[in-house]
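The listed protein sequences derive, respectively, from chains A and B.
Add 40 to a position in the first sequence, counting from 1, and you land on the number used in this note's numbering.
Add 256 to a position in the second sequence, counting from 1, and you land on the number used in this note's numbering.
In what follows, a single structure is set out as structure tokens and then discussed.
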Amino acid sequence: MQLTIGKIANLAHVSADTLRYYERERLIKPAAKSAGGYRLYERDALRRIRFIKQAQECGFNLAEIRSLLALRASDAACCRDVRHVALEKKLQLEAKIKAMKAMSDALSRLIKECSVDSESLDDCPILAALERSNGVKRRSR
Amino acid sequence: MKVELFYTPGCEKCADARDDLKAAAEQTIPGIVWRELNALDELDYAVKLGVVTLPALAIDGELVFSTLPTSGQLRRALTKRKKG
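Rendered as structure tokens:
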């Protein structure tokens, strides 16, 4: 039995707009169109949509998901190919976490420096530190 | 001097190139330390060096190649580093 876009979107817990977006990104395509021009999907498309959602939650972008779907469909590919992609993605995520942690630590240091609530903006140590890091001297008002 | 090759287990590309690269490194710098690191086991160290693609190659703890170099590229990088 074929499913309309509304029905399959509902089953996959995504919006119909999301499915149209996936289609534009060449991640899914309807099996057919009805006489009235409505998209119709095979039930198997549900697995594909769930795969895409899960991969997005793991941090893969749509281009990477397209590659994963191609690997999934390839007879020549095997599990280690997918593991390689997953490991590179993990390295990228860990690098981002490291960079964000450094940013968070830098903000902690600045927040600690700013202990007086009523100081004027000209004396604000956070603004001063941010400007120092750009090599810009603050103008007095 | 030390060369570290980060690889994914089962990576055929790494296995094919490894022997040539190792030989090139040993010819260029006799006594060079050659380490092969499974990125799965050495994830923290790989992140520390900035490895985000595999295979990758570091020299003396610095990521120098984010894809496998040719033997010639590795030789040149080692020679340049040796000269300081």
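Glycine is no exception: its CB is placed at the ideal position from the N, C-alpha and C atoms.
Quantities reported herein were computed from a predicted structural model and do not represent experimental measurements.
Using the C-alpha atoms, what's the distance from residue j back to residue i?
i, j, result
"alanine 302 (chain B)", "leucine 161 (chain A)", "42 angstroms"
"valine 329 (chain B)", "threonine 284 (chain B)", "According to the sequence displayed, residue 329 (chain B) carries glutamine and not valine. The alpha-carbon atoms of glutamine 329 (chain B) and threonine 284 (chain B) are separated by roughly 12 angstroms."
"glutamate 134 (chain A)", "arginine 87 (chain A)", "28 angstroms"
"glutamine 96 (chain A)", "isoleucine 105 (chain A)", "8 angstroms"
"lysine 69 (chain A)", "proline 165 (chain A)", "55 angstroms"
"leucine 109 (chain A)", "serine 327 (chain B)", "34 angstroms"
"alanine 168 (chain A)", "isoleucine 137 (chain A)", "27 angstroms"
"lysine 278 (chain B)", "arginine 66 (chain A)", "42 angstroms"
"arginine 79 (chain A)", "isoleucine 151 (chain A)", "54 angstroms"
"arginine 112 (chain A)", "phenylalanine 91 (chain A)", "10 angstroms"
Once DSSP output is grouped into helix, strand and coil, what is the label at residue i?
i, result
"leucine 310 (chain B)", "coil"
"leucine 324 (chain B)", "coil"
"glutamate 260 (chain B)", "strand"
"tyrosine 61 (chain A)", "helix"
"glutamate 298 (chain B)", "coil"
"arginine 291 (chain B)", "strand"
"isoleucine 89 (chain A)", "helix"
"isoleucine 68 (chain A)", "coil"
Counting only beta-carbon separations shorter than 9 angstroms, does residue i have a partner in chain B?
i, result
"arginine 123 (chain A)", "yes"
"glutamine 94 (chain A)", "no"
"glutamate 128 (chain A)", "yes"
"arginine 120 (chain A)", "yes"
Closest Cβ-Cβ distance between residue i and chain A: below 9 angstroms?
i, result
"glycine 340 (chain B)", "no"
"valine 320 (chain B)", "no"
"alanine 302 (chain B)", "yes"
"valine 289 (chain B)", "no"
"threonine 335 (chain B)", "no"
Take the Cβ of residue i as the centre, count every other Cβ of all protein chains shown within 10 Å, and call the residue buried at 16 or more, exposed below.
i, result
"leucine 147 (chain A)", "exposed"
"glutamate 159 (chain A)", "exposed"
"proline 286 (chain B)", "exposed"
"threonine 264 (chain B)", "buried"
"cysteine 270 (chain B)", "buried"
"cysteine 119 (chain A)", "exposed"
"histidine 53 (chain A)", "exposed"
"alanine 139 (chain A)", "exposed"
Which residues does DSSP list as the beta-bridge partners of residue i?
i, result
"lysine 73 (chain A)", "A:Arg79"
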